[in-house]
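Just add 7 to the spot in the sequence shown (first one is 1) and you have this note's numbering.
By construction, the Cβ of each residue, glycine as well, lies at the ideal position given by its N, Cα and C atoms.
Note that this is a predicted model, so its numbers are computed, not measured.
Note sheet for the following structure.
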Amino acid sequence: MTVRRLLCTALLLGSAVAHAQVADTGTYLQRMDTDADGKVSVDEYVAWMMYAFDRMDRNGDGVLSSDELPGGKGKPITREQQRQTIVERFHKQDANKDGFLSAKELAAPPR
């Protein structure tokens, strides 16, 4: 597994745990959908997913260094690099390309 994939997995899991007790896709959508419009925008998705990065960045320098990465090794990644990865993942999950994620799109396996 690549470091980037490992980091993405850790961020996904960390984000879900950090935002606590999401039992189903509908609840997950409600937690991410901060404007309560029934869909998740790219900004809402990025904000939710970056929470885990920020928690892992123990020294707050905007870079996950090797010792902050899962397993304590790997190539450092900046907050901006991770944000770009999350935006790309959002657009891959947006199956109907409407610029939002529905509950169905959130529940779909990663593309």
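Point to revise | Pair within 8 Å by beta-carbon distance, residue 41 and residue 110 | key: no
Point to revise | Helix, strand or coil at residue 48 [DSSP, three-state] | key: strand
Point to revise | Buried versus exposed, by CB contacts within 10 Å (16 or more), residue 59 | key: buried
Practice item. Just mark residue 64 as buried or exposed, buried being the case when its beta carbon has 16 or more other beta carbons within 10 Å. Key: buried
Check your understanding: Can we say the segment 88-100 touches the segment 43-61, given the rule of at least three CB pairs closer than 8 Å?
Key -> yes
Practice item. Spatial neighbours of residue 39 within its chain, please: CB distance less than 6 Å, with the 5 preceding and 5 following residues excluded, ordered by chain position. Key: 47, 51, 55
Check your understanding: Helix, strand or coil: how does DSSP classify residue 41 here?
Key -> coil
Review point. Looking only at C-alpha atoms, which of 107, 116, 69, 114 sits nearest to residue 43?
Key: 107
**Study point:** Best match in 76, 115, 83, 68 for proximity to residue 96 [C-alpha to C-alpha]
**Key:** 115
**Study point:** Limits of the alpha helix (DSSP H) - the one that residue 111 falls within
**Key:** 110-114
**Study point:** Contact under 8 Å by Cβ, residue 53 with residue 84
**Key:** no
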